[in-house]
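Chemist: Take a look at the following structure, please.
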Amino acid sequence: MYSVTVLIPTLLRPYLDGRSEIGVEPPPRGDLSSVLDALCEGRPLLGQRIREETGALRRYVNIFVDGEDVRRLDGLGTEVPPGATVMIVQSVAGG
Amino acid sequence: MTAAGTTLLAIGTKKGLWLASSSDRENWTLSEPKFLMEEIPSIGIDTRGSRTRLFVGRMSWHFGPCIAHSDDLGETWAEPQEGGIRFGADDGEALERIWQIQPDSEDRPGVVWAGCQPISVWKSVDHGETFELNRGLWDHPHRSRWGAGFGGAAAHTVLPSPADETIHVAMSTGGVYRSDDGGTSWQPRNSGISAYFMPDPNPEFGQCVHRVARDVDPDHLFAQNHHGVYRSMDRGDSWQSIAAGLPADFGFVMLSHPHRSGTAWVIPLKADGERIPPDGRLMVHRTEDSGTTWEATAAGLPAADYNAVLRDAACVDTALIPGVYFGTRGGTVYASADEGRSFREVASHLPDVLSVRAAVVPA
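These protein sequence lines map, in sequence, to chains A and Y. For the first sequence, my numbering begins at 160 and goes up steadily by one. For the second sequence, my numbering begins at -11 and goes up steadily by one.
Have a look at this one:
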């Protein structure tokens, strides 16, 4: 087990009792998918907002690991080292 | 006149849900928006039994679609924690949009249907707490050949019959399918509906049916097609054109009278390539003889309006003298308390109206 910090966008905070950040302890697989699994354990609606049923990251949800867009890295397989900050944010899309 | 109670008009738009209420269907009070910045493409109001349950299909472009319900007329909302409208991991698809939420008949009180994108039909037997994918339609051998309309590939109409186990589904662009066994098996029922945009204009399936409505006689149906207005007097086995007498055969709306057979309403648009009211004049057309003749009304509607009315952005309530309601992509909502003979503005300058549903609820 290790610990990372996840920053939560405003629109998803109702699923976490209003919290803007939360520490999670994923299993030592060390990738973003395991971090999201740990974050959404017992919070299925939060998980549904972030990932589709297929497991894919929703198109207009962006995630940064220590400031790097995971879509430019290895997506959900991006390595998340101990102590990292995972930032979830909705993309600047819409009209 | 309405039954004792308040008429609730739920208005789903491209940027949230508004609720209007009225004691006389002429003077309306409009709520503040709910689910602001989310599309509300579908609404269902389930008045069966002693409880009124309001459903909405929500669509966040960021965080995806979901179904929610309210048992206090929209004050508070709940989402199923598990068992909502979601594909299984083995289905290889993700829900994109909930196009229609359809409570079943009085004698099937817990049953609620949903038509969705990608093309799929879902059934709840527990008042909409949980839904199950209809495998008969999902596994249909035609599914890979159903196409997508401009709005997406969806089962946008689900019509359970109150008389028996018949269910009709309509999809763009797959056409009309009927199940005679409660949804176990499905057969195309498009004979007589044209698909002018295909090499064979009279295929077994593939028609772009925009909306089907069931007459109070459950064997009779009306259909507004992508060019073409039809009726069927034999449960969809055959369809006949009823477009003569209308200014155009294009449009999305088809409404049927909840109590009187043969009465229906359409709101024509000029054409596929010109999706505005004919001559820029928004009009509602009513038939009282199953489409043999049509009568137009513009009473209470603006002198000029170039906005379309989408398929779920029109509805009737079930009062003795039913109200007729519709909203435009320009964000104006109209209500008629006299079966569509005259209209009054309920709201204006809202975002694009995607869905409206009305019901008489306890005051």
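Cβ atoms here follow ideal geometry from the backbone N, Cα and C, with glycine treated the same way.
Give the DSSP-derived three-state secondary structure of Y/Arg177 in the structure shown.
Modeler: Taking the first residue of the second sequence as 1, we reach residue 177 of chain Y at position 189. The answer is coil: DSSP assigns Y/Arg177 none of H, G, I, E or B.
Chemist: How big is the Cα-Cα spacing for Y/Val109 and A/Pro241?
Modeler: Walking along the second sequence from the start, residue 109 of chain Y turns up at place 121. Walking along the first sequence from the start, residue 241 of chain A turns up at place 82. Each residue's alpha carbon lies about 44 Å from the other.
Chemist: Beta carbons nearer than 9 Å to chain A: which residues of the stretch 45 to 61 of chain Y have them?
Modeler: Of all residues in the stretch 45 to 61 of chain Y, Ser48, Trp49, His50, Phe51, Gly52 and Cys54 have a Cβ within less than 9 Å of some Cβ in chain A.
Chemist: Just checking, does the stretch 332 to 342 of chain Y make contact with the stretch 168 to 183 of chain Y on the three C-beta pairs under 8 Å criterion?
Modeler: no
Chemist: Give the range of the beta strand (DSSP E) segment to which Y/Pro106 is assigned.
Modeler: Translated into the one-based positions of the second sequence, residue 106 of chain Y becomes position 118. Segment: none, Y/Pro106 is in no beta strand (DSSP E) and carries neither H nor E.
Chemist: Let me know the secondary structure DSSP gives Y/Trp49 once reduced to three states.
Modeler: Position 61 of the second sequence, counting from 1, holds the residue named residue 49 of chain Y. In this structure, Y/Trp49 counts as coil in the three-state DSSP scheme.
Chemist: Figure out for me which residue from Y/Lys111, Y/Ser112 and Y/Ser9 has the closest Cα to the Cα of Y/Thr(-6).
Modeler: Locating residue -6 of chain Y in the second sequence gives position 6, where the first residue counts as 1. If we check each option's Cα against that of Y/Thr(-6), Y/Ser9 comes out closest.
Chemist: Apart from the five residues on each side of it in sequence, which residues of its chain come closer than 8 Å, Cβ to Cβ, to A/Gly236?
Modeler: Counted from its first residue, the first sequence places residue 236 of chain A at position 77. Counting only Cβ-Cβ distances below 8 Å, and skipping sequence neighbours, we find Asp190, Leu191 and Ser192.
Chemist: Tell me, to the nearest whole angstrom, how far the beta carbon of Y/His352 is from that of Y/Ser160; I am working on the premise that it is less than 8 Å.
Modeler: No answer is possible for residue 352 of chain Y: the residues shown for chain Y start at -11 and end at 351.
Chemist: Considering Cα atoms alone, identify which of Y/Arg202, Y/His214, Y/Pro235 and Y/Ala236 is closest to Y/Ser220.
Modeler: In the second sequence, counting from the first residue as 1, residue 220 of chain Y sits at position 232. Per the Cα distances, Y/Arg202.
Chemist: Report buried or exposed for A/Gln249, applying the criterion of at least 16 other Cβ atoms within 10 angstroms of its Cβ.
Modeler: Translated into positions along the first sequence, residue 249 of chain A becomes position 90. When all chains shown are included, A/Gln249 counts as buried.
Chemist: Mind checking the stretch 66 to 78 of chain Y against chain A and listing, in chain order, the residues whose C-beta falls within less than 9 Å of any C-beta there?
Modeler: Listed by position along the chain: Glu67, Pro68, Gln69, Glu70, Gly72, Arg74, Phe75, Gly76 and Ala77.
Chemist: Just the chain Y side, please: which residues come within less than 8 Å of A/Pro203 by C-beta, in chain order?
Modeler: Within the first sequence, residue 203 of chain A is the residue found at index 44, counting from 1. Within chain Y, the residues near A/Pro203 are Gln69 and Glu70.
Chemist: Does the separation of the CB atoms of Y/Met47 and Y/Pro29 fall below 8 Å?
Modeler: As a working mapping, residue 47 of chain Y is identified with position 59 in the second sequence. As a working mapping, residue 29 of chain Y is identified with position 41 in the second sequence. It is a contact, given that the beta carbons lie within the stated cut-off.
Chemist: Using a Cβ-Cβ cutoff of less than 6 Å, which residues in the same chain neighbour Y/Trp65 once the five nearest sequence positions on both sides are dropped?
Modeler: The sequence position of residue 65 of chain Y within the second sequence is 77, counting from 1. Once the five neighbours on either side are set aside, the close Cβ partners of Y/Trp65 are Ala56 and Ser58.
Chemist: For Y/Tyr184, count neighbouring Cβ atoms within 10 angstroms of its own Cβ and tell me buried if that reaches 16, exposed if not.
Modeler: The residue given as residue 184 of chain Y occupies position 196 in the second sequence. Exposed, because fewer than 16 other Cβ atoms sit within 10 Å of the Cβ of Y/Tyr184.
Chemist: Secondary structure at Y/Ala(-9), three-state DSSP: helix, strand or coil?
Modeler: Numbered from its first residue, the second sequence carries residue -9 of chain Y at position 3. Here the model assigns Y/Ala(-9) a pLDDT of 49, short of 50, so the residue's position is not dependable, and the following value carries that caveat. Coil at Y/Ala(-9), not helix or strand.
Chemist: Who pairs with A/Asn221 in a beta bridge, going by DSSP?
Modeler: Position 62 of the first sequence holds residue 221 of chain A. Answer by DSSP bridge pairing, in chain order: A/Val248.
Chemist: Looking at the secondary structure, which residues open and close the beta strand (DSSP E) in which Y/Gly4 lies?
Modeler: In the second sequence, residue 4 of chain Y corresponds to position 16, counting from 1. Element bounds for Y/Gly4: Gly4 to Ser10.
Chemist: Could you tell me which of Y/Thr306, Y/Leu243 and Y/Leu257 sits nearest to Y/Thr275, measuring between CA atoms?
Modeler: On the second sequence, position 287 is the one that residue 275 of chain Y refers to. The residue with the shortest Cα to Cα distance from Y/Thr275 is Y/Leu243.
Chemist: What residues from chain Y crowd round A/Tyr161, counting only those whose CB sits closer than 9 Å?
Modeler: In the first sequence, residue 161 of chain A corresponds to position 2, counting from 1. Result: empty, since nearest Cβ-Cβ is about 27 Å, beyond 9 Å.
Chemist: Along chain Y, in chain order, which residues have C-beta atoms closer than 8 Å to that of A/Val220?
Modeler: In the first sequence, residue 220 of chain A corresponds to position 61, counting from 1. Ordered by position in chain Y, the residues that pass the 8 Å Cβ test against A/Val220 are His50 and Phe51.
Chemist: Just curious, the alpha helix (DSSP H) that Y/Gln69 is in, first and last residue?
Modeler: Residue mapping note: residue 69 of chain Y aligns to position 81 of the second sequence, counting from 1. Note, Y/Gln69: premise wrong, no alpha helix (DSSP H); not H, not E.
Chemist: Grab the span of the alpha helix (DSSP H) containing Y/Asp188 for me, first residue to last.
Modeler: Start at 1 with the first residue of the second sequence, and residue 188 of chain Y comes out as number 200. Here Y/Asp188 belongs to no alpha helix (DSSP H), and DSSP marks it neither H nor E.
Chemist: Under a Cβ-count criterion, where at least 16 other Cβ atoms within 10 Å of its own Cβ denotes burial, should Y/Gly138 be classed as buried or exposed?
Modeler: Stepping through the second sequence from its first residue, residue 138 of chain Y is reached at position 150. Checking the displayed sequence, the identity of residue 138 of chain Y turns out to be Phe instead of Gly. The residue is exposed, with fewer than 16 neighbouring Cβ atoms inside 10 Å.
Chemist: Between the stretch 299 to 313 of chain Y and the stretch 323 to 330 of chain Y, can you find at least three pairs of beta-carbon atoms closer than 8 Å?
Modeler: The way I'd put it, the stretch 323 to 330 of chain Y does touch the stretch 299 to 313 of chain Y; three or more beta-carbon pairs between them come closer than 8 Å.
Chemist: Can you find a CB in chain A that lies within less than 8 Å of the CB of Y/Leu298?
Modeler: If you number the second sequence from 1, residue 298 of chain Y lands on position 310. No, Y/Leu298 lies away from the interface with chain A (no Cβ there is under 8 Å from its Cβ).
Chemist: State the Cα-Cα distance for the pair Y/Gly171 and Y/Arg133, rounded to the nearest angstrom.
Modeler: Here the question's residue 171 of chain Y lines up with position 183 in the second sequence. Here the question's residue 133 of chain Y lines up with position 145 in the second sequence. When rounded, the distance between both Cα atoms is 20 Å.
Chemist: Tell me, which residues are paired with Y/Tyr313 by DSSP?
Modeler: Working through the second sequence from its first residue, we reach residue 313 of chain Y at position 325. According to DSSP, which records beta bridges pairwise, Y/Tyr313 is partnered with Y/Cys303 and Y/Ala323.
Chemist: Check distances from the C-beta atoms of the stretch 80 to 113 of chain Y to those of chain A and list, in chain order, the residues that come in under 8 Å.
Modeler: For the stretch 80 to 113 of chain Y, the set of positions with a beta-carbon nearer than 8 Å to some beta-carbon of chain A reads Gly80, Glu81, Ala82 and Leu83 in chain order.
Chemist: Looking at the C-beta of A/Leu170, does it have a partner C-beta in chain Y at a distance below 8 Å?
Modeler: Looking up residue 170 of chain A in the first sequence gives position 11. Closer than 8 Å to some Cβ of chain Y, the Cβ of A/Leu170 qualifies, so yes.
Chemist: Which residue from Y/Pro246, Y/Gln105, Y/Val304 and Y/Ser249 puts its Cα closest to that of Y/Asp272?
Modeler: Position 284 of the second sequence, counted from the first residue, corresponds to residue 272 of chain Y. The sequence shown places Val at residue 272 of chain Y, not Asp. With distances taken between Cα atoms, Y/Val272 lies closest to Y/Val304.
Chemist: Buried or exposed: A/Asn221, going by 16 or more other Cβ atoms within 10 Å of its Cβ?
Modeler: Counted from its first residue, the first sequence places residue 221 of chain A at position 62. So A/Asn221 counts as buried.
Chemist: What are the boundary residues of the beta strand (DSSP E) that includes Y/Pro148?
Modeler: The residue you call residue 148 of chain Y lines up with position 160 of the second sequence. Per DSSP, the unbroken beta strand (DSSP E) holding Y/Pro148 starts and ends at Ala142 to Pro148.
Chemist: For the alpha helix (DSSP H) that Y/Gln195 lies in, which residues bound it at each end?
Modeler: Within the second sequence, the letter at position 207 stands for residue 195 of chain Y. That residue, Y/Gln195, is in no alpha helix (DSSP H); it is neither H nor E in DSSP.
Chemist: With A/Arg208 as the anchor, note down where its alpha helix (DSSP H) starts and where it stops.
Modeler: Walking along the first sequence from the start, residue 208 of chain A turns up at place 49. From DSSP, the alpha helix (DSSP H) with A/Arg208 extends over Pro203 to Ile209.
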